[in-house]
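Here's the structure we're looking at; comments come further down.
Numbering (the numbering used here), first residue to last: 9 to 139.
Okay, structure coming up:
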């Protein structure tokens with residue numbers, strides 16, 4: 009199971025690393041048509057600098073996920089981004105699910121499951137002592 013977690017983490021982190029670098033190097037594939045709702049939604053992010061911020065977070069989170077010692081921090085950074093990707097395709101694009109989206113979802117859930125003991129501390133608080 010450890011080897012599977014390392015392989016999945018490497019692929020998961022690489023997807024976000026390359027996605028972030030492709031954005032900054034200008035080699036992103038063409039987006040949705042500008043007159044469509046997803047195109048208008050994405051066009052709103054350009055001038056605000058929000059997409060650049062997200063891509064910087066993707067690069068940092070992807071690099072942290074690849075390294076086993078920093079994987080949990082990387083998952084905390086990438087978690088909201090994964091949720092945003094899923095919500096964009098569910099509510100704005102009305103579908104458009106592909107293999108990459110399925111992999112991102114399954115990989116994130118798998119990595120969270122393998123690191124569940126570390127994340128349990130965030131959910132399960134010890135009882136407070138009674139005076």
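Heads up, the beta-carbon is just placed ideally off N, CA and C, and yes, glycines get one too. Model, not experiment: these values are computed from the prediction.
Buried or exposed by the 16-neighbour rule on C-beta atoms within 10 Å, applied to residue i
{"i": "residue 124", "result": "exposed"}
{"i": "residue 74", "result": "buried"}
{"i": "residue 128", "result": "exposed"}
{"i": "residue 112", "result": "buried"}
{"i": "residue 85", "result": "buried"}
Beta-carbon spacing of residue i, residue j below 7 Å
{"i": "residue 82", "j": "residue 94", "result": "no"}
{"i": "residue 126", "j": "residue 80", "result": "yes"}
{"i": "residue 30", "j": "residue 36", "result": "yes"}
{"i": "residue 118", "j": "residue 16", "result": "yes"}
{"i": "residue 34", "j": "residue 40", "result": "no"}
{"i": "residue 116", "j": "residue 90", "result": "yes"}
{"i": "residue 70", "j": "residue 21", "result": "yes"}
{"i": "residue 122", "j": "residue 13", "result": "yes"}
Own chain residues within Cβ distance below 6 Å of residue i, not counting five before or after
{"i": "residue 28", "result": "63, 66 and 67"}
Residue i versus residue j: straight-line alpha-carbon distance, rounded
{"i": "residue 26", "j": "residue 53", "result": "19 Å"}
{"i": "residue 60", "j": "residue 76", "result": "26 Å"}
{"i": "residue 120", "j": "residue 138", "result": "33 Å"}
{"i": "residue 55", "j": "residue 105", "result": "27 Å"}
{"i": "residue 10", "j": "residue 78", "result": "15 Å"}
{"i": "residue 131", "j": "residue 57", "result": "33 Å"}
{"i": "residue 133", "j": "residue 45", "result": "43 Å"}
{"i": "residue 114", "j": "residue 38", "result": "25 Å"}
{"i": "residue 108", "j": "residue 135", "result": "41 Å"}
Chain-order list of residues whose beta-carbon lies under 8 Å from that of residue i (same chain, five-residue window excluded)
{"i": "residue 179", "result": "Outside the shown range of the chain, which is 9 to 139, sits residue 179, and nothing can be said about it."}
{"i": "residue 51", "result": "42"}
Cut-off 7 Å between Cβ atoms - residues of its own chain near residue i, not counting five sequence neighbours on either side
{"i": "residue 32", "result": "63"}
{"i": "residue 49", "result": "100"}
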